[in-house]
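Below is one structure, written out as structure tokens, with a few remarks after it.
Numbering (our numbering), first residue to last: 31 to 207.
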């Protein structure tokens, strides 16, 4: 894992990239904020995600020339973005999303996720929103993590090795409820 600098974004999110944003209570808002600070230099970037708790700043009209959103779940804010032509809605069962990333029409270039701090063996937990995030981690070319000491460690298939995480930022943030 390497610390992420704002200046790293242009080489991580290349023209034509498809970027997954973790959802639910695990939207990595610090990563999103950092990425959006460099969005003016992006070209033809697609953001894919499920429903997240909290705001969706990436669908602000000021990003419509460089970012396009494709959501698998529709919220009122996303509906407005779809209606103005900045976003797409692809209804899909959660159980089918992994195949879209792995062998289907939506291969991932970058996954933005939120994790707990690593344990003594070098494993972080995906915490409260494993859902489709584990598939995104396994399929993405690059994994970028927000390491959040407020993210609880959870049991089951939630662990990710720090070797799989290319870049990270450490930012404590309360999880949305």
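Positions of the beta carbon are idealized from the N, C-alpha and C atoms, including for glycine.
Residue environment, residue i, which counts as buried when at least 16 other CB atoms sit within 10 Å
i	result
residue 133	exposed
residue 176	buried
residue 48	buried
residue 186	exposed
residue 65	buried
residue 181	buried
residue 82	buried
residue 148	buried
residue 129	exposed
residue 179	exposed
Residues sharing a beta bridge with residue i, DSSP
i	result
residue 32	197
residue 141	50 and 173
residue 101	79 and 119
Supposed close pair residue i, residue j - CB separation, criterion 8 Å
i	j	result
residue 169	residue 137	7 Å
residue 40	residue 68	6 Å
residue 2	residue 189	Because the chain here runs from 31 to 207, residue 2 falls outside it and cannot be looked at.
residue 77	residue 174	The Cβ separation is near 13 Å, so there is no contact.
Identify every run of the alpha helix (DSSP H) within the segment 149-207, keeping only runs that are complete inside it and at least 4 residues long; order them along the chain. DSSP runs (the alpha helix (DSSP H)) wholly in the segment 149-207: 163-169.
Give, in chain order, every unbroken run of the alpha helix (DSSP H) that is at least 4 residues long and sits entirely within the segment 65-97. Fully enclosed alpha helix (DSSP H) runs of 4 or longer: not present.
Could you say if the segment 133-147 and the segment 102-119 meet the contact criterion of at least three C-beta pairs nearer than 8 Å? Because the criterion of three Cβ pairs below 8 Å is not met, the segment 133-147 and the segment 102-119 do not touch.
The segment 68-76 in contact with the segment 184-198 per 3-pair CB rule at 8 Å: With the cut-off at 8 Å, the segment 68-76 and the segment 184-198 do not touch.
Does the contact criterion of 3 or more C-beta pairs under 8 Å hold for the segment 122-130 versus the segment 82-101? No, the segment 122-130 does not touch the segment 82-101.
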